[in-house]
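Asker: Right, I'll just put the structure down here and ask away after.
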Amino acid sequence: MLRSPVLLAALAEAAVPGIRPVKVEGLAVPAGAVYQSAHVTGQDGRVWVVRSALTGAAGAELAASDALVQLLDRRLAFDLPRVEGSARPKEGPAVAVYAQPRGNALEWNDLQGRTAAARAVGVALAKLHDVDPRVVEEAGLPSYDAETYRQRLLADLDRAADTKRVPSALLSRWEEALEAPELWRFSTCVTHGPLRGEDVLVDEGEVSAITGWEHAGVADPARDFSLLWTHAPQQAFDTAFEAYAAERSDRPDSYLERRIRLMGEMELAYALLASRTMGEEELVEYHAEALEELAFDVEDDTSLVPPPRRAGIEPIDLEAPLDPADIESVGEGDLAPDDDLTVEIPVRVARAEGDAPAEDGATSTGATRVDAETPKTRLPQRES
């Protein structure tokens, strides 16, 4: 149940004595969200963030995430919100209060390609994904390998199917991707969870803080990009992804972008499930309609999974030793010894479908998405 901004301000004062609120601003709650927030300004002009869970499960996640934030805070260059106090009202989950980090929150829809902000997002995620995963285990948060994470997504797919509100074409599309072995051979890493624009604060072209750590864990790096992919302009996503690939200590796996698309599409199903859990029937209808639109948009798209290998064609082992006897000499003796056959040929290296961006020193056409001809799925936003 949503709480009024005035109540959130009162809870903030109870959690952190001395705030003495003089102003409160309730923030928009996206459709299907399980948290709400407000900015509270104290008498001294300092701004505080009050974060309130809307379900019991979300309240437990809110409490658990603070342990991870304290462990990550000294490992990352940007700020993380450390809880200064909490309060539990007579009814409903507790609220957490922390000082407003410096910087301005982003909106993925407005993020521009080839900008410092877009590159900074990619670099920040790379730094997070390079953190030792053992910190998540120390904090007691969920930790998955690629197979167990895939099994979790299959279970989520079953829950979505049980609602009878997700088009069967989408369920089949997602199941096909989840059953494609090539997509699920990768190393999991520390992840934030689906990253919203408002979770990322930027100051002078650098990420100054990231908030909203309630869904953190060790999982597929694709989950952190899902909302960026669905909401940001393509060039902005490409800029962030190129910066991410260049900054990672390990090269991203070849199918990361496909899994990003998959999780971006499934975000609509998660929003539907969350709305149903909260008993928000109007929101359930809203997301069900969005899922119908998505099914229509991707009706002819088959790019979530790699194309099947043609029968009779074996993969070439590029590292196998070459037998000189296998080299055929063509036209031997036909050329004059003084002929200069050197030809300058300009070469542009293009990414093959499914490849990650080129490493430093290579020429690249850019982080071309595998679905270049398919319009991006946009997850609807709704204020309440």
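Position 142 (the sequence shown) corresponds to 142 in my numbering; numbering is contiguous.
By construction, the Cβ of each residue, glycine as well, lies at the ideal position given by its N, Cα and C atoms.
The structure presented is a predicted model; accordingly, all values stated were derived computationally and were not measured.
Starting from V47, trace the beta strand (DSSP E) both ways and give me its first and last residue.
Answerer: Its beta strand (DSSP E) spans residues 47-53.
Asker: Using only CA atoms, which one of R248, P221, R276 lies nearest to Y255?
Answerer: Comparing Cα-Cα distances from Y255 to each of R248, P221, R276, the minimum goes to P221.
Asker: Please determine if the stretch 90-106 and the stretch 180-194 are in contact, where contact requires at least 3 C-beta pairs separated by less than 8 Å.
Answerer: In short, these stretches do not touch, since the Cβ pair count stays below three.
Asker: List the DSSP bridge partners of E206.
Answerer: Beta-bridge pairing links E206 to D203.
Asker: Going by other Cβ atoms of all chains shown within 10 Å of its Cβ, with 16 needed for buried, is V22 buried or exposed?
Answerer: It is exposed - the Cβ of V22 has fewer than 16 other Cβ atoms within 10 Å.
Asker: Do G279 and S226 have their beta-carbon atoms positioned less than 9 Å apart in this structure?
Answerer: Not in contact: S226 and G279 (Cβ atoms no closer than 9 Å).
Asker: Jot down the residue ranges of each uninterrupted alpha helix (DSSP H) in the stretch 243-320, minimum 4 residues, whole runs only, in chain order.
Answerer: DSSP runs (the alpha helix (DSSP H)) wholly in the stretch 243-320: 256-277, 281-297.
Asker: Whole angstroms is fine: what's the gap from A67's alpha carbon to G140's?
Answerer: Rounded to whole angstroms, A67 to G140 spans 8 Å at the Cα level.
Asker: According to DSSP, what are the bridge partners of K23?
Answerer: According to DSSP, K23 bridges with T41.
Asker: Can you list, in chain order, the residues of its chain with a C-beta nearer than 8 Å to that of E61? Leave out the 5 residues immediately preceding and following it.
Answerer: Correct list, in chain order: A53, E214, H215.
Asker: Assign D79 to one of three DSSP states: helix, strand, or coil.
Answerer: Note: D79 maps to strand in three-state DSSP.
Asker: What do you reckon, are the CB atoms on L294 and L178 nearer than 9 Å?
Answerer: Contact: no.
Asker: From the DSSP secondary-structure annotation, give me the bridge partner or partners of Y149.
Answerer: Y149 is not bridged to any residue.
Asker: For T191, name the three-state secondary structure that DSSP assigns.
Answerer: Strand at T191.
Asker: With DSSP run on the structure shown, which of helix, strand or coil describes Q100?
Answerer: In the structure shown, Q100 sits in coil (DSSP, three-state: anything other than H, G, I, E or B).
Asker: Have a look at the DSSP bridge pairing and note the partners of Q36.
Answerer: Answer is S52, bridged to Q36.
Asker: Which partner residues does S143 have in the DSSP bridge list?
Answerer: Partner(s): V218.
Asker: Is the beta carbon of A219 sitting closer than 9 Å to the one on Y286?
Answerer: Cβ atoms of A219 and Y286: not closer than 9 Å.
Asker: For I260 and G122, I'd like the C-alpha separation in whole angstroms.
Answerer: Using only the alpha carbons, I get a separation of about 14 Å.
Asker: Excluding the 5 residues preceding and the 5 following D203 in the sequence, name in chain order all residues of the same chain whose CB lies nearer than 8 Å to its CB.
Answerer: Counting only Cβ-Cβ distances below 8 Å, and skipping sequence neighbours, we find R102, G103, N104.
Asker: Does DSSP classify A362 as helix, strand or coil?
Answerer: The predicted model places A362 with a pLDDT of 40, which falls under 50 and marks its position as unreliable, so this point remains unresolved.
Asker: Please classify S226: does DSSP put it in a helix, a strand, or coil?
Answerer: Of the three classes helix, strand and coil, the one that applies to S226 here is helix, per DSSP.
Asker: Report yes if the C-beta distance between L128 and H192 is below 9 Å; otherwise report no.
Answerer: In contact: L128 and H192 (Cβ atoms closer than 9 Å).
Asker: With distances taken between CB atoms, is the gap from T239 to G59 smaller than 9 Å?
Answerer: No.
Asker: Please state whether DSSP places S86 in a helix, a strand or coil.
Answerer: In the structure shown, S86 sits in a strand (DSSP, three-state: E or B).
Asker: Measuring only the C-alpha atoms, how far is A99 from D156?
Answerer: Cα-Cα distance, rounded: 35 Å.
Asker: May I ask you to list the residues that DSSP assigns as paired with A105?
Answerer: Partner(s): L201.
Asker: Taking the straight line between their C-alpha atoms, what separation do you get for V69 and V298?
Answerer: About 38 Å.
Asker: Excluding sequence positions up to five away, which residues of its chain have a Cβ less than 8 Å from the Cβ of S329?
Answerer: Confidence is the limiting factor: at S329 the pLDDT is only 47, short of 50, which leaves the residue's position unreliable, though a coordinate-based value still follows. Nothing meets the Cβ criterion.
Asker: Would V305 pass as a contact of E176 if the rule is Cβ separation under 9 Å?
Answerer: Yes.
Asker: Thinking C-beta only, is A269 closer than 9 Å to L283?
Answerer: Not closer than 9 Å, so no.
Asker: Within 8 Å, do at least three Cβ pairs link the stretch 156-165 to the stretch 75-92?
Answerer: Result no; under three Cβ-Cβ pairs closer than 8 Å.
Asker: Could you tell me the alpha carbon to alpha carbon distance between L11 and S4, rounded to whole angstroms?
Answerer: Their Cα atoms are separated by approximately 11 Å.
Asker: If you draw a straight line from the alpha carbon of R173 to that of T148, how long is it in whole angstroms?
Answerer: About 20 Å.
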